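Step one of this worksheet: look at the structure below.
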Amino acid sequence: MEVRRSGARPDPPPPPRARQVLAVLLLAAGDVVPTDRLIEAVWSDQPPPNARKCLQVHVSQLRRFLPDGTLRHSAPGYLLDVPAERVDLHVFRARVAEARRAESPAAAAELLRAALGLWRGQPLADVASDWLRQRVVPGLLEERLTALEERVDADLALGRHPALVGELRRLVGENPLRERLRGQLMTALRRCGRRAEALQAFQEARAVTVEQLGVEPGPELRRLHEEILRDEEPARPAVPAPPVRRDDLPRDVPDFTGRERELARLAADVEAADDALRVWCVDGRPGVGKTALAVRAARRLAARYPDGQLFVELHGSSSDQRPLRPETALDTLLRAVGVAAERVPEALADRAALWRAELAGRRALVVLDDAADAAQVRPLLPGGGGCLVLVTSRRPLSGLEGARRLRLDVLPADDALALFARLLDDGRAATERGAAVEVVRLCEHLPLAIRITGARLAARPHWPVAKLLARLRCEQRRLDELAVGDLAVRTGLGLTYLGLDEPSRRAYRLLGALGHATVAGWLAGPLLDLPDPAAEEILERLLDAQLVEVISTPVEPARYRVHDLVRLHAGERAEREEAEPDRRAAVGRVVGAWLDRVERLVEHLPPALPRLCQVELNSVPAQARRRRPEVDAWFAQEEASLVAAVERAAELDMAEPAARLAEALVFAWFGVRNRYDAWERTHRAALAAVRRAGDLDSEAGLSCGLGQLSYKRDQLHLARDHFQTALDLFRRTGNRRGEAVALNGLGMVGRELADHAGALPALTRAHRLLRDLGDMEGTAHALYGIGYVRRELGEDMPALRALNAAVTAYEQAGNQRGKALSLRGIGLVYRANDQWDQAEYYFRRAHEIVRDLGDALLGCYTAQSLAKTMIRQGRGAEAVGTLLGCVEICRDLNDRFGLALVRRTLGEHHLAAGEHDPARGQLGIALASWHALELPLWRARTLRDLGASHALEGDHRTAHALWDEAAEVFARLGTREDAEVATWHTRWNCPCRRDEPARTRRRPEAASA
């Protein structure tokens, strides 16, 4: 970092700490940097007790170093008053932005070259700040490298490829995983007539990605490679299709008044920002109009952000709802930009990375309403330029890096009076000016309080303003509450409530009793216990009083939003004025309406437990069907309300409906699309309710549901604990069907953990119980598990008998997914005995069923089985594309087991093809996954394959070590591989003589492996 005065040499640097402060101020030149951020930049997470005083000392040193008046205090921190054009970083960004708007490659290349010429080595290299090095410098380097790639693109477009080859070789060497640079090098070599070198460049790229990441190069690089192989002219870069524009912004308030200074400040900053990311945090007291301002600004600026305007409520200050988790907010945002629900990862870091990737290259505007703190907001921010984020919060978000703050106060007196007059829109405010001034004064010029009282008067044109003023003065307690901020909203809401007719008041109270933030229009009838037209008419009256707002478009089914503070007030009125049986009855009707719709959409799941909490045993559909896209769309829209319905019913100790709805949602949505967070929330809420009610059977059933959830999350030991809890409870109540179901779950987990000695007895007893009870689907689950375990133990004929019986039972139960799994299991037995034709026949039957169902995840398992058969037959090249597709699907659906399984199969393909480095790469990834999942049998199988790779290359010492470890596991678990150990040396050309195992009967290789 250097500081130069005009035409002079660099000034001597300030002291180290002061230099750190100066760096942070320069990065935000012209904007206030909060004191807390400066302290964090200088001392990271170990500030001295007197950090603020120390900071003042460093600021004083800088003031002696800088021209007078340049550095000044400005709450809540300091501002360096330096024009952006005098800071080389900001000049660089401006030139890059100008280059992106250039009309010709020549102009773009010149501007980018000038921008890159401002760089001199590593940024901030002489500033000793871990905070800057970790949080700022990586982003700066990414900006530089992106600009460099864009300049190379411009030079290639100008035909300057001969001069680029050397530079690109150097850049690729410095950034070996940067595929865009690899592609540019291949293009330059191709255009220079050096086709062989271009192909070699791709092979080098592939070797790096396979070795370091275990994946093939990306589609663009592979496409370029194929063009060069075919000796075709490189295709022109495709113009990306414009993203679908999404406008989620609430309706702009038509009588919005004032705030012109704040709006002008926002607009001017956005104009100056050009293509840079801008984050504005609007904070202030409740009811001050933060959301209204953010929406008005977003509407005005929407044209600058053509790729979409998104709005998310974060519930940071909700009294009756916990702040929205960043994971949940990211789930909403990702689906808003077109990411399918099943592709949303589970981990916060993965969701944030996908969100940044989705917004890369887009110009979008995001409003994050009612944030709790910086930690909630930080993962929701885009990663690059071109976007605007408006955040509203009650508290200043001083820890949010790079954000600008706009503190919103109450309206000036003139604007407050003008708002009141506009709400009345009939001249009464002008006629009774004194009374109107007094009304807005008693509202403390708070916009929400003014709006509610104004709506009250507007709904009664026969009232003089003085009448409302008299009411306010008579309610001494409410006047006191109005003076403290939050209670002002309650006072205004109370006045509005009093102006409603009794049917509308009842609807308001029942909305509060329900507690939903959004309500679908069709729920009004069940909530109010009225015909739909009458219920809709009452909701429209609440809409007129501005107690609810419409959030749907005219072509969509009606949906209403009840704002947090309104919902809280409605809940208080319900507690005081609505009898408890009436509140419970209303919530029960809504939960029943939800349950009725959800039950129509439940499906069979593999591998699954039978339904336990519904009244009728056979309420699942008898016929399989392909899932319609609109079903997923409906669940995605209603998920938050469905979760809230379960939690509200549980809170009111309505244990049975809470349990039934929680379970039905697993079979209709959560289990179908891996919605694990919602699954866990609903089950835990319902579980607490049934425990309070002493309903042991429902407690056991929900424990089974949590066991199934843990199983799907690959948390097998936790799953076993849940199933054991359920088993103990069912045995206490004498519930034989429940006992069998829990035993099925324990067997299912035991077989995955290779605990065959525990799994087989559990599954056998479950089978007997379920068969005697006539539960065909449960019987099929048990038979499938028995066949699975028998196959692992090498007992092939008993395995085939059980699996064939499972196929028949699943057919009778109408469970096509279970039938497909059982057919796949039969194929695995035949593959274990090298009976390739029979194996392929059953795998193809299973795959056709799954394809007809549209189940992408189960399709990965059937496709993997089929692919492995092809590999064993020497047809692995036919299967590679399918396996790579399975990798993507398993990754998108967060299936760690499936991903490891496919990785191992890819490793086996490379091993069969004599490609040992990529084989070990894929097998190594799979090995790490098996270790993380605590699956010793699968880890041993992969160790065996790795040993084979080393043996084939002559590294017998490593092969023996890996084989010994694998053999010990096989012997301990008693699986079919234990009998094959003696054959490994012959099979994989290892010349060493090894002791024969105790059991020398030869079995074919385990196909289930």
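Just so we're on the same page, my numbering is the position in the sequence shown counted from 1, plus 3. We treat Cβ as the ideally placed atom computed from N, Cα and C, and that holds for glycine. All of these numbers come straight from a predicted model, not from anything done at the bench.
Give me the Cα-Cα distance between residue i and residue j, rounded to the nearest whole angstrom.
{"i": "Leu143", "j": "Glu361", "result": "20 Å"}
{"i": "Met189", "j": "Gly748", "result": "54 Å"}
{"i": "Gln876", "j": "Glu891", "result": "25 Å"}
{"i": "Phe314", "j": "Ala300", "result": "13 Å"}
{"i": "Ile455", "j": "Leu427", "result": "11 Å"}
{"i": "Ala1013", "j": "Glu559", "result": "Since the first residue of the chain shown is 4 and the last is 1012, residue 1013 is not available in this structure."}
{"i": "Glu43", "j": "Trp134", "result": "7 Å"}
{"i": "Ala690", "j": "Ser706", "result": "A small correction: the amino acid at residue 690 is Leu; Ala does not occupy that position in the sequence shown. Approximately 8 Å between the Cα atoms of the pair."}
{"i": "Arg325", "j": "Leu384", "result": "21 Å"}
{"i": "Gln925", "j": "Val213", "result": "8 Å"}
{"i": "Leu82", "j": "Ala112", "result": "35 Å"}
{"i": "Gly437", "j": "Ala473", "result": "13 Å"}
{"i": "Ala538", "j": "Leu936", "result": "52 Å"}
{"i": "Val99", "j": "Gly176", "result": "24 Å"}
Leaving aside the five residues before and after residue i along the sequence, list all residues of the same chain whose C-beta is less than 6 Å from its C-beta, in chain order.
{"i": "Leu327", "result": "Leu317 and His318"}
{"i": "Leu400", "result": "Cys284 and Ala377"}
{"i": "Ala762", "result": "Gly750, Gly753, Arg754 and Val792"}
{"i": "Ile789", "result": "Leu766 and Ala805"}
{"i": "Leu746", "result": "Ala765, Arg768 and Ala769"}
Return helix, strand or coil for residue i, following the three-state DSSP convention.
{"i": "Cys893", "result": "helix"}
{"i": "Arg312", "result": "In the sequence under discussion, the amino acid at residue 312 is Gln, which differs from the Arg named in the question. In this structure, Gln312 counts as strand in the three-state DSSP scheme."}
{"i": "Trp358", "result": "helix"}
{"i": "Trp122", "result": "coil"}
{"i": "Asp547", "result": "helix"}
{"i": "Ala374", "result": "strand"}
{"i": "Leu74", "result": "strand"}
{"i": "Thr395", "result": "strand"}
{"i": "Trp466", "result": "coil"}
{"i": "Trp839", "result": "helix"}
{"i": "Ala409", "result": "Per the sequence shown, residue 409 should be read as Leu rather than Ala. Residue state, collapsed to three classes: strand."}
{"i": "Leu180", "result": "coil"}
{"i": "Trp987", "result": "helix"}
{"i": "Thr521", "result": "strand"}
What does a CB cutoff of less than 7 Å around residue i pick up in its chain, not counting 5 residues either side in sequence?
{"i": "Val669", "result": "Trp682 and Gly708"}
{"i": "Arg346", "result": "Asp895"}
{"i": "Phe423", "result": "Ala432, Ala439, Val442, Val443, Ile453 and Gly457"}
{"i": "Met873", "result": "Gly879, Glu881 and Ala882"}
{"i": "Leu517", "result": "Leu530, Ala589, Val590, Val593 and Arg651"}
{"i": "Pro240", "result": "At Pro240, the pLDDT of 45 sits below 50, so the modelled position is not reliable; the number obtained from the coordinates is stated separately. Result list for Pro240: empty, nothing under 7 Å."}
{"i": "Pro329", "result": "Leu351, Gln379, Pro382 and Leu383"}
{"i": "Leu904", "result": "Gln867"}
Using 10 angstroms around the beta-carbon of residue i, count the other beta-carbons present and answer buried if the total reaches 16, otherwise exposed.
{"i": "Met800", "result": "exposed"}
{"i": "His953", "result": "buried"}
{"i": "Ala131", "result": "exposed"}
{"i": "Glu1021", "result": "Shown here, the chain extends from 4 to 1012; a query on residue 1021 therefore has no answer."}
{"i": "Gly287", "result": "buried"}
{"i": "His770", "result": "buried"}
{"i": "Glu182", "result": "buried"}
{"i": "His572", "result": "buried"}
{"i": "Ala238", "result": "In this prediction, Ala238 has a pLDDT of 47, which is less than 50 and means its spatial position is unreliable; what the coordinates show is noted afterwards. Classification of Ala238: exposed, given that the 10 Å Cβ count is below 16."}
{"i": "His725", "result": "buried"}
{"i": "Pro19", "result": "exposed"}
Between the options, which lies nearest to residue i when the distance is taken from Cα to Cα?
{"i": "Lys293", "options": "Asp412, Ala332, Pro179 and Val218", "result": "Asp412"}
{"i": "Ser507", "options": "Leu517, Leu121, Leu550 and Gly524", "result": "Leu550"}
{"i": "Arg307", "options": "Val590, Glu330 and Ala279", "result": "Ala279"}
{"i": "Ala589", "options": "Trp358, Ala648 and Cys446", "result": "Ala648"}
{"i": "Arg570", "options": "Asp585, Arg603, Ala582 and Arg512", "result": "Arg512"}
{"i": "Gly830", "options": "Val298, Val693 and Arg847", "result": "Arg847"}
{"i": "Val342", "options": "Pro51, Asp948 and Asp635", "result": "Asp635"}
{"i": "Ala582", "options": "Glu543, Pro534, Arg509 and Gln640", "result": "Arg509"}
{"i": "Val90", "options": "Leu121, Gly389 and Arg75", "result": "Leu121"}
{"i": "Arg397", "options": "Ala374, Leu451, Arg579 and Cys390", "result": "Ala374"}
In chain order, what residues of the same chain lie with their CB nearer than 8 Å to the CB of residue i, ignoring the 5 residues before and after it?
{"i": "Arg40", "result": "Val27, Gly80, Ser401, Gly402 and Glu404"}
{"i": "Arg3", "result": "Here the chain covers residues 4 to 1012 and nothing more, so residue 3 does not appear."}
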